[in-house]
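Asker:
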Amino acid sequence: MIRVSNVVKYHGANRVLDGISLEFRKGEVAALIGPSGGGKSTLLRCINGLESFQQGQVSIDDRLQLVGGITPSRETLLRLRRTVGMVFQQFNLFPHMTAAENVMSGLVYALGRSRTEAEAVAVRLLERVGLGDKTGAKPAQLSGGQQQRVAIARALAVNPAAILFDEPTSALDPRMAGEVMRVINDLADDPQFQAAMVIVSHDLAAVRRVADTVHVLEKGRVTYSGPAAEAFAPGGPAAALE
1057 MIRVSNVVKY
1067 HGANRVLDGI
1077 SLEFRKGEVA
1087 ALIGPSGGGK
1097 STLLRCINGL
1107 ESFQQGQVSI
1117 DDRLQLVGGI
1127 TPSRETLLRL
1137 RRTVGMVFQQ
1147 FNLFPHMTAA
1157 ENVMSGLVYA
1167 LGRSRTEAEA
1177 VAVRLLERVG
1187 LGDKTGAKPA
1197 QLSGGQQQRV
1207 AIARALAVNP
1217 AAILFDEPTS
1227 ALDPRMAGEV
1237 MRVINDLADD
1247 PQFQAAMVIV
1257 SHDLAAVRRV
1267 ADTVHVLEKG
1277 RVTYSGPAAE
1287 AFAPGGPAAA
1297 LE
């Protein structure tokens, strides 16, 4: 479980997150939606230790804590990277590595696994995201949708407790976005996959298909938190954004 408690984040004088409190449970697909500038991506980056925050706390499985106003130690950040995967809008693959090497990187360099063991995991995960024939391809040889699927496989490689998706389809055309969302749907439908998934997206049609829970953020505050079916019902807060 990820528990966000009264998190406050400033950019200069601008209060970007204004006392956010949310919980994300294992096996749940939660969507963060709302107008641009509402704080959705900033919240993900605070959860993953990529940005600091001034007040509040983020707790992961009651074992890892990030506390507002306190710089996390290198050890804490390393444990966080092993526990929470993140998939970015712009893929962030290593251009000099093959697809398999990108997926292996966290296992080899963060977890100290042997290359033989890591390669077996990478091949299995690339097959899972539909790229079993692209293990030796470098990012420049892959489409945007394929690169994003490699990024998802890389996030899965460390067997995380949670995966954060920051606008995973916004840089893609509709066909490629559909490829990526099918992978996310498959993960959501897999009863053996118990990681929490938190998705920031403006693609409300995709959110409607995959999310169990919806949280609406506006001006740094949570204005709705509840079941996706209720959020997308006629007159609901998500329907109003469509």
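With the working numbering applied, the sequence shown covers 1057 to 1298.
Using N, Cα and C, we set each Cβ at its ideal position, and we do this for glycine too.
Could you check where the alpha helix (DSSP H) with M1160 kicks off and where it finishes?
Answerer: Its alpha helix (DSSP H) spans residues 1155-1161.
Asker: By the 10 Å Cβ neighbour count, where 16 or more other Cβ atoms means buried, how is F1150 classified, buried or exposed?
Answerer: The residue in question, F1150, is exposed, as its Cβ has fewer than 16 Cβ neighbours within 10 Å.
Asker: Run through the DSSP bridge pairs and tell me what I1089 is partnered with.
Answerer: Answer is V1272, bridged to I1089.
Asker: If you reduce the DSSP assignment to three classes, tell me which class M1253 lands in.
Answerer: Here M1253 sits in strand by DSSP.
Asker: Counting only runs of 4+ residues fully inside the region 1100-1186, write out the alpha helix (DSSP H) ranges in chain order.
Answerer: Segments of the alpha helix (DSSP H) lying fully in the region 1100-1186: 1130-1139, 1155-1161, 1171-1184.
Asker: By the 10 Å Cβ neighbour count, where 16 or more other Cβ atoms means buried, how is A1287 classified, buried or exposed?
Answerer: Answer is buried; the Cβ neighbour count reaches 16.
Asker: Could you give the distance in angstroms between the alpha-carbon of L1134 and the alpha-carbon of A1166?
Answerer: C-alpha separation (whole angstroms): 8 Å.
Asker: Tell me whether E1157 is buried or exposed, calling it buried when 16 or more other Cβ atoms sit within 10 Å of its Cβ.
Answerer: The residue in question, E1157, is buried, as its Cβ has 16 or more Cβ neighbours within 10 Å.
Asker: Among V1064, Q1203, L1212, L1273, which has the Cα closest to the Cα of L1181?
Answerer: When only C-alpha atoms are compared, the closest one is L1212.
Asker: Closest by CA to F1147, which one among I1126, L1136, P1195?
Answerer: Of the candidates I1126, L1136, P1195, the one whose C-alpha sits nearest the C-alpha of F1147 is P1195.
Asker: Going by other Cβ atoms of all chains shown within 10 Å of its Cβ, with 16 needed for buried, is D1222 buried or exposed?
Answerer: D1222 should be labelled buried.
Asker: As a quick exercise: from D1242, P1283, L1100, V1206, pick the residue whose alpha carbon is nearest that of V1072.
Answerer: When each option's Cα is compared against that of V1072, the closest is L1100.
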